[in-house]
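Number of protein chains: 2
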Amino acid sequence: METRELRYFVAVAEELHFGRAARRLGIAQPPLSRAIGGLERRLGTLLLERGSRGVALTGAGAVLLREARAALDAVEAAERRTRRAALAATGRPAVVLAAKAGASDELLAKLLDAYAAEPGAVAVDVVLCGPGEQARLLHDGRADVALLHRPFDDTAGFDTEDLHSEGQVAVLPVGHPLSVRPHVRLAEVTDLPDLPLPRWPRPDGTFPDGPGPQVRDHTQLTQLIALGRACAVVPESGRTGLREDLTAVPVPDAPHVTTVIAWPPHSRSTAVAGLVRAATAR
Amino acid sequence: METRELRYFVAVAEELHFGRAARRLGIAQPPLSRAIGGLERRLGTLLLERGSRGVALTGAGAVLLREARAALDAVEAAERRTRRAALAATGRPAVVLAAKAGASDELLAKLLDAYAAEPGAVAVDVVLCGPGEQARLLHDGRADVALLHRPFDDTAGFDTEDLHSEGQVAVLPVGHPLSVRPHVRLAEVTDLPDLPLPRWPRPDGTFPDGPGPQVRDHTQLTQLIALGRACAVVPESGRTGLREDLTAVPVPDAPHVTTVIAWPPHSRSTAVAGLVRAATAR
DNA sequence: CAGGAGCGATACCCGGGCGGTATCGCCCGC
DNA sequence: GCGGGCGATACCGCCCGGGTATCGCTCCTG
Chain A
120 METRELRYFV
130 AVAEELHFGR
140 AARRLGIAQP
150 PLSRAIGGLE
160 RRLGTLLLER
170 GSRGVALTGA
180 GAVLLREARA
190 ALDAVEAAER
200 RTRRAALAAT
210 GRPAVVLAAK
220 AGASDELLAK
230 LLDAYAAEPG
240 AVAVDVVLCG
250 PGEQARLLHD
260 GRADVALLHR
270 PFDDTAGFDT
280 EDLHSEGQVA
290 VLPVGHPLSV
300 RPHVRLAEVT
310 DLPDLPLPRW
320 PRPDGTFPDG
330 PGPQVRDHTQ
340 LTQLIALGRA
350 CAVVPESGRT
360 GLREDLTAVP
370 VPDAPHVTTV
380 IAWPPHSRST
390 AVAGLVRAAT
400 AR
Chain B
120 METRELRYFV
130 AVAEELHFGR
140 AARRLGIAQP
150 PLSRAIGGLE
160 RRLGTLLLER
170 GSRGVALTGA
180 GAVLLREARA
190 ALDAVEAAER
200 RTRRAALAAT
210 GRPAVVLAAK
220 AGASDELLAK
230 LLDAYAAEPG
240 AVAVDVVLCG
250 PGEQARLLHD
260 GRADVALLHR
270 PFDDTAGFDT
280 EDLHSEGQVA
290 VLPVGHPLSV
300 RPHVRLAEVT
310 DLPDLPLPRW
320 PRPDGTFPDG
330 PGPQVRDHTQ
340 LTQLIALGRA
350 CAVVPESGRT
360 GLREDLTAVP
370 VPDAPHVTTV
380 IAWPPHSRST
390 AVAGLVRAAT
400 AR
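Order-wise, the sequence lines are chains A and B.
Mind the numbering: the first sequence is residues 120 to 401 in my numbering, read in order.
Mind the numbering: the second sequence is residues 120 to 401 in my numbering, read in order.
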């Protein structure tokens, strides 16, 4: 199977429409139909159920969609990492670290300081990204290391090392009835009719249904809370640097959050190894 | 990058010789040279240092070799898993479980029994393989689940669940001076001049240097020990079913061995999930 | 030191396959 | 019943991947 075929299949499987997929790929529809047909013939199975109105995935098609995405990520990662290796040889070598924007700032700063103090440390390019984006960056080679947060982020498929564990707090607008309490139970904040929990985007960019407002980053979140339109439950470390018009109340029964450093298996470049060492040394 | 290019590059990087690589790929040498050249041009970097006698990998080339192998495994896995999904839809569905030959027999039997008793259990095809082979089978899609043994096997890149932990024993021929001791220290058996530790093959099939005899499987190992040509340190469970002319002596200071069940991340088919459940339920 | 062998690069040609346009066949909705 | 939407098919042209022949370079060798 060639990556071209995989790219074509993923496009059709995502669009569920040959015409749109072809447009997205920048080719005409007939070659696309033929490519998918050839793939199906060689695999000896139907991948797409052609109805008169659009198409649907078969069981085998669903499996191939999942596997093809992983394979294409791996190919992309190969290209990116090779390019970076070439760059590092003839210029300034660097590692790319992905971290969730607005989380673990303090830990991150300490980590960068500790690593920079190591002999032979290279430059660290920090990429701040939306929640849940780190895994993708690591998979497709745009990042070499990432800070993830269990149980929110999926650490499957990576090597990880635990760095820090902490409880969670509810962030509320100053003046809210609950904001004066010494602590609250999780159930009390998850279904406040006046302050619903916000909805974060899924990996594909769409939002789950629900009453809460849609948020994409930390600024939007704090702003919405300040406006009295939402509340949130976040790790303790999120209270540092909180706006004046917000308060944080501990939620003892919320699950603990563990910050971990993660890297792709078998890619212990000396730089990544150094970062991991610096992170765990403390 | 197309998988064809990756396959070509891996062939040359492994052979370090364009002619041989071309023969192995079943093509002529000139198209291979051109393909690699094109790859280098598009990546904007040299991947291979052409000396007058053969070639050598550059830094970027070494990175691409590692990444390309992973990517090709992923593509192969995509194809195999799709084929199996298609087969499962129209015939007898099955999961493939990889296990080291001659290890964890008892645990494996119990696991299979426990799973078979579950409602909706499908057939389990057990693939017994050489040590260290399981990870490869899992990576390239020939297996869906595997039993691995930490710290011997590399579990990086998989989801795992611990099943069992045990100490190790030294296996010696009956009559050996150490065989009557209640226990021995690891250092005592690792450098016996008369009974060297055997050498296991590396993933690429070659053997490390050393005094011990080369072994490829469990039968060869026991036979060599019985012949008085080697000794071995193996998990306790290896003493069950030992030949009469061999004895096992506990080695308390040897690292504990943990048997884990592993599966590729994000591939929790119901069958794999059932197996994991059956394995961890006890 | 000249000759030859080994190895990768280059030159050139051929054919298959990929992509394009035109059109068909089918099903659904009005 | 008819038109429109959608995927499949037919057919064509061109590019690119693969083949053969040959070159250029570097060692080794007698």
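Note that the Cβ used here is the ideal one computed from N, Cα and C, for glycine as well.
Predicted model only: the values in this text are computed from it and were never measured.
Quiz item: Does the Cβ-Cβ distance between B:A289 and B:V368 come in under 8 Å?
Solution: Here residue 289 of chain B refers to the residue found at position 170 of the second sequence. Here residue 368 of chain B refers to the residue found at position 249 of the second sequence. Yes, Cβ-Cβ distance for B:A289 and B:V368 is below 8 Å.
Quiz item: Would a C-beta distance cut-off of 8 Å place B:L165 and B:V129 closer than the cut-off?
Solution: For the purposes of this step, residue 165 of chain B is taken as the residue at position 46 of the second sequence. For the purposes of this step, residue 129 of chain B is taken as the residue at position 10 of the second sequence. It is not a contact, given that the beta carbons lie outside the stated cut-off.
Quiz prompt | C-alpha gap between B:A179 and A:L257, whole angstroms | solution = Start at 1 with the first residue of the second sequence, and residue 179 of chain B comes out as number 60. Start at 1 with the first residue of the first sequence, and residue 257 of chain A comes out as number 138. Between B:A179 and A:L257, the C-alpha separation is close to 19 Å.
Quiz item: Rounded to a whole number of angstroms, what is the C-alpha to C-alpha distance between B:E134 and B:A140?
Solution: Reading the second sequence from its first residue, position 15 is the one you call residue 134 of chain B. Reading the second sequence from its first residue, position 21 is the one you call residue 140 of chain B. Distance between the alpha carbons of B:E134 and B:A140: 6 Å.
Self-check item: Interface residues of the stretch 268-302 of chain A facing chain B [CB-CB below 7 Å]
Solution: A275, G276 and D278
Quiz item: If you drop the 5 nearest sequence neighbours on each side, which residues of the same chain put their C-beta closer than 8 Å to that of A:S298?
Solution: Within the first sequence, numbered from 1, the residue matching residue 298 of chain A stands at position 179. Counting only Cβ-Cβ distances below 8 Å, and skipping sequence neighbours, we find L291, P292, T366 and V368.
Quiz prompt | Helix, strand or coil at A:S152 [DSSP, three-state] | solution = If you number the first sequence from 1, residue 152 of chain A lands on position 33. Helix.
Self-check item: Beta-bridge pairing of B:V264 - partner residues as DSSP gives them
Solution: If you number the second sequence from 1, residue 264 of chain B lands on position 145. DSSP, once it has assigned bridges, lists B:L216 as partnering B:V264.
Practice problem: Reducing DSSP to helix, strand and coil, say where B:L144 ends up. | Solution: Sequence index remark: in the second sequence, residue 144 of chain B carries index 25 (1-based). Correct three-state label for B:L144: helix.
Exercise. Determine whether the Cβ of A:P384 lies closer than 8 Å to any Cβ atom of chain B.
Key: Here residue 384 of chain A is taken as the residue at index 265 of the first sequence, counted from 1. Closer than 8 Å: yes.
Quiz prompt | Cβ distance (whole Å) where B:L267 is taken to contact B:L226 below 8 Å | solution = As a position in the second sequence, residue 267 of chain B is number 148, starting the count at 1. As a position in the second sequence, residue 226 of chain B is number 107, starting the count at 1. Their Cβ separation, rounded to whole angstroms, is 12 Å, which puts B:L267 and B:L226 out of contact at 8 Å.
Quiz item: Would you say B:T399 faces chain A, with C-beta separation under 8 Å as the test?
Solution: In the second sequence, the residue the question calls residue 399 of chain B occupies position 280. Chain A contact via Cβ: absent.
Self-check item: Rounded separation between B:A262 and B:A181 - CA only
Solution: Along the second sequence, read from residue 1 onward, the residue named residue 262 of chain B stands at position 143. Along the second sequence, read from residue 1 onward, the residue named residue 181 of chain B stands at position 62. Approximately 28 Å, taken between the alpha carbons.
Quiz item: Start and end of the beta strand (DSSP E) containing A:Q287?
Solution: By one-based count along the first sequence, residue 287 of chain A stands at place 168. Per DSSP, A:Q287 belongs to the beta strand (DSSP E) from Q287 to P292.
Quiz item: Quick one: what's got a C-beta closer than 6 Å to A:R143's C-beta in the same chain, skipping five residues either side?
Solution: In the first sequence, the residue the question calls residue 143 of chain A occupies position 24. Excluding positions up to five away in sequence, the list reads A130.
Quiz item: Any C-beta of chain B sitting closer than 8 Å to the C-beta of A:E252?
Solution: Your numbering for residue 252 of chain A matches position 133 in the first sequence. Answer no: the Cβ-Cβ gap between A:E252 and chain B never drops below 8 Å.
Quiz item: Would you call the CB atoms of A:A381 and B:E186 closer than 8 Å?
Solution: For the purposes of this step, residue 381 of chain A is identified with residue 262 of the first sequence, where counting begins at 1. For the purposes of this step, residue 186 of chain B is identified with residue 67 of the second sequence, where counting begins at 1. For A:A381 and B:E186, no; Cβs fall outside 8 Å.
Quiz prompt | Anticipated Cβ contact below 8 Å, B:S171 with B:S356, distance rounded | solution = Within the second sequence, the letter at position 52 stands for residue 171 of chain B. Within the second sequence, the letter at position 237 stands for residue 356 of chain B. The Cβ separation is near 55 Å, so there is no contact.
Quiz item: By Cβ distance below 6 Å, which residues in the same chain neighbour A:D364 in space, the five residues on each side in sequence not counted?
Solution: Against the first sequence, residue 364 of chain A aligns to sequence position 245. Taken in chain order, the residues that qualify are V293 and A345.
Self-check item: Integer Cβ distance of B:D278 from B:Q253, believed to fall under 8 Å
Solution: Here residue 278 of chain B refers to the residue found at position 159 of the second sequence. Here residue 253 of chain B refers to the residue found at position 134 of the second sequence. B:D278 to B:Q253, Cβ: 14 Å. No contact.
Quiz item: Is it a yes or a no for the stretch 230-243 of chain A touching the stretch 145-161 of chain B, going by three-plus beta-carbon pairs under 8 Å?
Solution: Touching, no, given that fewer than three Cβ pairs across the two stretches are closer than 8 Å.
Quiz item: In the stretch 190-217 of chain B, which residues sit with their C-beta less than 7 Å from some C-beta in chain A, listed in chain order?
Solution: A190, A193, V194, A196, A197, E198, R200, T201, R202, A204, A205 and A208
Self-check item: Coil, strand or helix - A:T389 by DSSP
Solution: Taking the first sequence and counting its residues from 1, the one referred to as residue 389 of chain A is at position 270. Here A:T389 sits in helix by DSSP.
Self-check item: Contact with chain B by A:E133, beta-carbon distance below 8 Å
Solution: Here residue 133 of chain A refers to the residue found at position 14 when the first sequence is read from its first residue. Judged by the 8 Å Cβ criterion, A:E133 is not in contact with chain B.
Exercise. Look at the Cβ atom of A:A398, then the Cβ atom of A:E237, and state whether they are nearer than 8 Å.
Key: The residue you call residue 398 of chain A lines up with position 279 of the first sequence. The residue you call residue 237 of chain A lines up with position 118 of the first sequence. Cβ distance not < 8 Å, so A:A398 and A:E237 don't count as in contact.
Quiz prompt | Best match in B:H375, B:P312 and B:R358 for proximity to B:G347 [C-alpha to C-alpha] | solution = Residue mapping note: residue 347 of chain B aligns to position 228 of the second sequence, counting from 1. Taking only the C-alpha atoms, the option nearest B:G347 is B:P312.
Practice problem: Please work out which residues of its chain come closer than 6 Å, Cβ to Cβ, to B:T377, disregarding the five sequence neighbours upstream and downstream, and give them in chain order. | Solution: Counted from its first residue, the second sequence places residue 377 of chain B at position 258. Within the same chain, B:T377 has close Cβ partners R269, D281 and S284.
Practice problem: Check whether the Cβ atoms of A:A218 and A:A275 lie closer than 8 Å to each other. | Solution: Counting from one through the first sequence, the residue named residue 218 of chain A turns up at place 99. Counting from one through the first sequence, the residue named residue 275 of chain A turns up at place 156. Not a contact, by the Cβ cut-off of 8 Å.
Practice problem: Below 8 Å CB to CB, which residues in the same chain sit around B:H337 once its five sequence neighbours on both sides are set aside? | Solution: Position 218 of the second sequence, counted from the first residue, corresponds to residue 337 of chain B. A220, G221 and A222.
Quiz item: Cα separation between B:E307 and B:G329?
Solution: One-based indexing of the second sequence puts residue 307 of chain B at position 188. One-based indexing of the second sequence puts residue 329 of chain B at position 210. Each residue's alpha carbon lies about 18 Å from the other.
Exercise. Counting only the same chain and skipping the five closest in sequence on each side, list residues whose C-beta sits under 7 Å from that of B:L247.
Key: The residue labelled residue 247 of chain B in the question sits at position 128 within the second sequence. Closer than 7 Å at the Cβ level, and outside the excluded window around B:L247, lie A218 and A220.
Practice problem: With B:D232 as the anchor, note down where its alpha helix (DSSP H) starts and where it stops. | Solution: Here residue 232 of chain B corresponds to residue number 113 of the second sequence, with the count starting at 1. Its alpha helix (DSSP H) spans residues D224 to A235.
Practice problem: Name, in chain order, the residues that DSSP records as bridge partners for A:E168. | Solution: Your numbering for residue 168 of chain A matches position 49 in the first sequence. Paired residues: A:A175.
Exercise. Identify, in the order they occur along the chain, each residue of the same chain with its Cβ nearer than 8 Å to the Cβ of B:R362, setting aside the five sequence neighbours on each side.
Key: Taking the first residue of the second sequence as position 1, residue 362 of chain B is located at position 243. Only T341 and A345 meet the Cβ criterion.
Practice problem: State the CB to CB distance for the pair A:H295 and A:V370, rounded to an integer number of angstroms; the pair is presumed to be in contact (CB under 8 Å). | Solution: Along the first sequence, one-based indexing puts residue 295 of chain A at 176. Along the first sequence, one-based indexing puts residue 370 of chain A at 251. Their Cβ separation, rounded to whole angstroms, is 14 Å, which puts A:H295 and A:V370 out of contact at 8 Å.
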